[in-house]
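To keep things clear, I will list the structure first and then write my remarks on it.
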Amino acid sequence: MDLAKRLQHGLVEMALDLSEAQQAAMIEYVNLLDKWNQAFNLSAVRDPHDMVSRHLLDSLSLLPRIQALCAEKPNMTVLDVGTGPGLPGIPLALSLPGVNFTLLDSNGKKTRFVFQALMALGLKNVKVENTRIESYQSPGQLDIVVSRAFSSLADFALGCEHLCGPDTRLLAMKGQYPTDEIRDLPAHWQQADARAIDIPYCDAQRHIIELQLTRP
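Heads up: the sequence shown begins at 1 in my numbering, then just goes up one per residue.
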């Protein structure tokens, strides 16, 4: 099965509706990542077919929740912390052209690739920041923060805390349900939601954990 068909079939299984142009842009992104990965080791996933499932479809599992949050409030902003080569931020930004994204990573090699990918894809709703989350300053409180990168939910929450208000939602992408990490959350953070998700062509367990502050 070619990459485009694999993506198309995966989207059908996940009940996600993306245009042909959006799907084509995502395949262009995978091809670009594959090319750069051979020289710069940006991702442990080497096979472009696996990139479709483990990068694109996995990232897009966040789409329904972000769409629901954006429907509640216009002009939302999304920060992708530890974006690496642009995940989940680039697939989400391609899917949501009316939402502004900031992709943040401290690895200059990876943010240079993200810059190149944004230019190649013509993405206008994305900014890139080459810094650590602890040093990043936002013009105001963030609406949504997403990440696939943090080793623990506590690190994620505490690292982003200076950017968050009571309405901020943190969406963490995890494997198995992180019972111990939920228990170890700081007292002023709580789990607002947890969803088990199925990613087509992936056997591993996946969960989206939503966090929010219980006090400013």
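Virtual Cβ for every residue (Gly too), placed ideally from N, Cα, C. Note that the coordinates shown come from a computational prediction; the quantities given were computed from them, not determined experimentally.
- Item | Of the residues Arg6, Asn37, Leu63, the one placed nearest Val145, counting alpha carbons only | Residue numbering aside, residue 145 sits at position 145 when the sequence shown is read from its first letter. Taking only the C-alpha atoms, the option nearest Val145 is Leu63.
- Can you say whether Arg231 is buried or exposed, counting buried as having 16 or more other CB atoms within 10 angstroms of its CB? The requested residue 231 does not occur in the structure, where the chain is confined to residues 1 to 216.
- Query: Where do the N-terminal and C-terminal ends of the beta strand (DSSP E) with Phe40 fall, by residue?
  - Reply: For this step, residue 40 is matched to residue 40 along the sequence shown. Phe40 -> not in any beta strand (DSSP E); alpha helix (DSSP H) instead, spanning 20 to 40.
- With respect to the beta strand (DSSP E) encompassing Thr111, which residues constitute its N-terminal and C-terminal limits? Locating residue 111 in the sequence shown gives position 111, counting from the first residue. No beta strand (DSSP E) contains Thr111, which is instead part of the alpha helix (DSSP H) from 108 to 121.
- Where Val145 falls: helix, strand or coil (DSSP): Along the sequence shown, one-based indexing puts residue 145 at 145. In the structure shown, Val145 sits in a strand (DSSP, three-state: E or B).
- Task: Given a cut-off of 9 Å, decide if Ala120 and Leu7 are closer than it, judged by their beta-carbon atoms.
- Result: One-based indexing of the sequence shown puts residue 7 at position 7. One-based indexing of the sequence shown puts residue 120 at position 120. No. Outside cutoff.
- Give every residue of the same chain whose Cβ lies closer than 6 Å to the Cβ of His55, excluding the five residues on either side of it in the sequence, and list them in chain order. Mapped onto the sequence shown, residue 55 falls at position 55. Excluding the 5 residues flanking it on each side, His55 has same chain C-beta neighbours closer than 6 Å at Leu87, in chain order.
- Using the C-alpha atoms, what's the distance from Arg132 back to Met26? Counting from one through the sequence shown, the residue named residue 26 turns up at place 26. Counting from one through the sequence shown, the residue named residue 132 turns up at place 132. Using only the alpha carbons, I get a separation of about 27 Å.
- Residue interval of the beta strand (DSSP E) (run including Lys127): Locating residue 127 in the sequence shown gives position 127, where the first residue counts as 1. Run containing Lys127: 126 to 130, per the beta strand (DSSP E) assignment.
- Validate contact between the region 107 to 114 and the region 76 to 90 using beta carbons, cut 8 Å, 3 pairs: Short answer: they touch.
- Task: Take Glu134 and list the residues in its own chain whose beta-carbon comes closer than 7 Å to its own, dropping the five residues that flank it on each side.
- Result: Locating residue 134 in the sequence shown gives position 134, counting from the first residue. Cβ within range, chain order: Gly159.
- Query: At what residues does the beta strand (DSSP E) containing His207 begin and finish?
  - Reply: Taking the first residue of the sequence shown as 1, we reach residue 207 at position 207. Looking at the DSSP string, the run of the beta strand (DSSP E) that includes His207 is 206 to 213.
- Cβ pair Ala24, Ala39 closer than 9 Å: Reading the sequence shown from its first residue, position 24 is the one you call residue 24. Reading the sequence shown from its first residue, position 39 is the one you call residue 39. For the 9 Å CB-CB criterion, Ala24 and Ala39 do not form a contact.
- What residues are listed by DSSP as bridge partners for Gln67? Here residue 67 refers to the residue found at position 67 when the sequence shown is read from its first residue. Its beta-bridge partners do not exist; DSSP assigns none.
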